[in-house]
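Written out below as structure tokens is the structure these notes cover.
Chains as they are written, first to last, in our numbering: chain A, 0 to 276; chain B, 0 to 276.
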């Protein structure tokens, strides 16, 4: 990373998301601060932590290829102290790489993660999922986020259905949300912001019960269906997200979601296991 | 593990699945053989490898709780040489545990994995997914598996739609399968067989194109929606699996699947990222 880029990212004029993603140090061990802009009720928004993990790999000198599959496990609440991110290249194959990553604070592991990268060369391609029908973002009201934790205020969220306070309309199932989302202020999409957006759905239990109760992601998985070239060519900063739960059992539920560009490209599918009280 | 149980599992009279899951050694480093019964086209069926990973953790003396979320990354083809499985307990919280696991052959890492365990205490529970409608297993023909790799012959697969050779009926999307599956001979469900069943769907590309082409799972994630008590009370060995693809892009596609007990309990949701040529 050039000093120029680094300085720009550290600058107070940079986008809050880029300021939250500043990594110090070299490839083998990186350092980051926990951003006050993306604080959640307990610790930071997990989407930014996941984006930091992806960035630590993507900026590593041994990196080859682009993200295919990411899994991040959240072991406990992250404090305000510096984060140490250690990316480890486990295997380079002919066309892909396997990485494991740990995030620690004061020598305590807070996240474990795995990331598969690959060269996304052209081949037979098709999409079987259908983009959900939704009015254009300009025709949907933005969530008034003043009363929400800091991270929510970094996004423009426009709920078609399955919103929070007010509930807006109800989707096919009690927990289903359909929502336009964009960084606020707007920022061109890249693999880091896409990673964070995959975790920007409120816990499904909040939507189903229309109340906030203790809940937190324990494991997040993202499958990327685009590359940097795809993302760089997308004019709109808005993505359409659809999320729903599967089952709530024994203090954990699953969430299944899709992220579409405004022009109809499926960018990612993502799942998570979430603790609830 | 008592010697008695161990001896029974090693016995030639034991179920092929139990013979494939025999682990030697102690908690910190376990050894397993690659089962000829579960060979795939290149290397063993990934479902058995995943089940071995779960078993290495579940039989570890420090284990507390039951599986919630498993991710296994497959780094390359597994040879016929012995497997070394190293489970590492990263964190024990008040109600859950985070493990990382590696599977190696001759000091080369072949799989990395993470497993979250938790005490599945009673709490508010509900299911939002609906069980797909299907005729009873007894009314659906079994796949004739003689021409398939060995692992397929260890399962009774009864395709309602989205089968292979013949295609049977087509589901809602070209790649969708609805299939009853059971161990052959039948075996009571447990967390190990459930883990393997989550990987027992043919690659979606085979279903869509009705032809076999090079393809292999690079990352498998399973969310468990049951505990050992749930599984132990299920009378039927058959589970109903529904699987479909999301998008095929740049040599990787995603698969999303559900596993239901015959009596209508959602046992697991599972996703995977799959390489295709």
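By construction, the Cβ of each residue, glycine as well, lies at the ideal position given by its N, Cα and C atoms.
For a contact defined as C-beta to C-beta under 8 Å, what are the partners of residue i on chain A?
i, result
"residue 201 of chain B", "Near residue 201 of chain B there are no residues of chain A at all, since even the closest Cβ is about 15 Å away, more than 8 Å."
"residue 168 of chain B", "The premise fails here: residue 168 of chain B is roughly 17 Å from chain A at the closest Cβ pair, so nothing lies under 8 Å."
When the distance is taken between beta carbons, is residue j closer than 8 Å to residue i?
i, j, result
"residue 269 of chain A", "residue 89 of chain B", "no"
"residue 33 of chain B", "residue 105 of chain B", "no"
"residue 177 of chain A", "residue 159 of chain A", "yes"
"residue 260 of chain B", "residue 233 of chain B", "yes"
"residue 29 of chain B", "residue 84 of chain B", "yes"
"residue 249 of chain A", "residue 226 of chain B", "yes"
"residue 149 of chain B", "residue 38 of chain B", "yes"
"residue 71 of chain B", "residue 35 of chain B", "no"
"residue 273 of chain A", "residue 173 of chain A", "no"
"residue 193 of chain A", "residue 267 of chain A", "yes"
"residue 134 of chain B", "residue 239 of chain B", "no"
"residue 46 of chain A", "residue 195 of chain A", "yes"
"residue 252 of chain B", "residue 204 of chain B", "yes"
"residue 86 of chain A", "residue 59 of chain A", "yes"
"residue 108 of chain B", "residue 52 of chain B", "no"
Buried or exposed: which applies to residue i, given that a residue is buried once 16 or more other Cβ atoms fall within 10 Å of its Cβ?
i, result
"residue 228 of chain B", "exposed"
"residue 6 of chain A", "Because the pLDDT of residue 6 of chain A is 38, which lies under 50, any placement of that residue in the model is unreliable, and the number read from its coordinates should be weighed accordingly. With fewer than 16 other Cβ atoms within 10 Å, it is exposed."
"residue 24 of chain B", "exposed"
"residue 0 of chain B", "Bear in mind that the predicted position of residue 0 of chain B carries a pLDDT of just 34, short of 50, making it unreliable; the figure below should be weighed with that in mind. Counting Cβ neighbours within 10 Å, residue 0 of chain B comes out exposed, since fewer than 16 surround it."
"residue 54 of chain B", "buried"
"residue 231 of chain A", "exposed"
"residue 223 of chain B", "buried"
"residue 257 of chain B", "buried"
"residue 96 of chain A", "buried"
"residue 17 of chain A", "buried"
"residue 276 of chain B", "exposed"
"residue 210 of chain B", "exposed"
"residue 120 of chain B", "exposed"
"residue 124 of chain A", "exposed"
"residue 264 of chain B", "buried"
"residue 127 of chain A", "buried"
"residue 175 of chain A", "buried"
"residue 191 of chain A", "buried"
"residue 56 of chain A", "buried"
"residue 81 of chain B", "exposed"
"residue 2 of chain B", "Because the pLDDT at residue 2 of chain B is just 36, under 50, the model does not fix this residue reliably, and the value given afterwards should be weighed accordingly. The residue is exposed, with fewer than 16 neighbouring Cβ atoms inside 10 Å."
"residue 165 of chain A", "exposed"
"residue 137 of chain A", "exposed"
"residue 254 of chain A", "buried"
"residue 31 of chain A", "buried"
"residue 140 of chain A", "exposed"
"residue 167 of chain A", "buried"
"residue 143 of chain B", "exposed"
"residue 27 of chain B", "exposed"
"residue 262 of chain B", "exposed"
"residue 11 of chain B", "exposed"
Would residue i count as contacting chain D if we go by Cβ distances under 8 Å?
i, result
"residue 46 of chain B", "Among the protein chains of the structure shown, namely A and B, there is no chain D."
Strictly below 8 Å CB to CB, what residues from chain B border residue i?
i, result
"residue 95 of chain A", "217, 274"
"residue 86 of chain A", "The premise fails here: residue 86 of chain A is roughly 13 Å from chain B at the closest Cβ pair, so nothing lies under 8 Å."
"residue 120 of chain A", "249, 250"
"residue 225 of chain A", "248"
"residue 157 of chain A", "Under the 8 Å cutoff, chain B gives no residues; its nearest Cβ is about 23 Å from residue 157 of chain A."
Closer than 9 Å by beta-carbon distance: list the chain A residues that pair up with residue i, in chain order.
i, result
"residue 222 of chain B", "218, 245, 246, 251, 252, 253, 270, 271, 272"
Can you pull the chain A neighbours of residue i, defined as C-beta to C-beta under 7 Å?
i, result
"residue 124 of chain B", "247, 248"
"residue 74 of chain B", "89, 90, 97"
"residue 185 of chain B", "Per Cβ cutoff of 7 Å: no residues; residue 185 of chain B is ~25 Å from chain A at best."
"residue 174 of chain B", "127"
"residue 102 of chain B", "Simply none; closest approach about 11 Å."
"residue 265 of chain B", "245, 246"
"residue 111 of chain B", "89, 97, 99, 113"
"residue 108 of chain B", "89, 90"
Cβ closer than 9 Å: which chain B residues qualify as neighbours of residue i?
i, result
"residue 117 of chain A", "217, 249, 250, 251, 274"
Which chain B residues are close to residue i, counting only those with a beta carbon under 7 Å from its beta carbon?
i, result
"residue 128 of chain A", "245, 246"
"residue 210 of chain A", "In chain order: nothing, as chain B lies at least about 12 Å away."
"residue 68 of chain A", "217, 218, 272"
Requested in this report: Entirely within the segment 157-196 of chain B and at least 4 residues each: give me those alpha helix (DSSP H) ranges in chain order.
Outcome: 190-196
Report task. Evaluate contact between the segment 110-124 of chain A and the segment 60-70 of chain A, counting only Cβ atoms and requiring at least three cross-stretch pairs below 8 Å. Result -> yes
Query raised in the report: Between the segment 176-184 of chain A and the segment 148-159 of chain A, are three or more C-beta pairs nearer than 8 Å?
Result: yes
Query raised in the report: Going along the chain, which unbroken runs of the alpha helix (DSSP H) with 4 or more residues stay wholly within the segment 205-265 of chain A?
Result: If you keep only unbroken alpha helix (DSSP H) runs of at least 4 residues inside the segment 205-265 of chain A, you get 227-231.
Query raised in the report: Touching or not, the segment 208-216 of chain A and the segment 235-244 of chain A, by the rule of three or more beta carbon pairs under 8 Å?
Result: no
Query - Runs of beta strand (DSSP E) lying entirely within the segment 40-123 of chain B, each at least 3 residues, in chain order - result: Taking only runs of at least 3 residues, the beta strand (DSSP E) segments lying wholly in the segment 40-123 of chain B are 65-73, 82-91, 95-104, 107-117.
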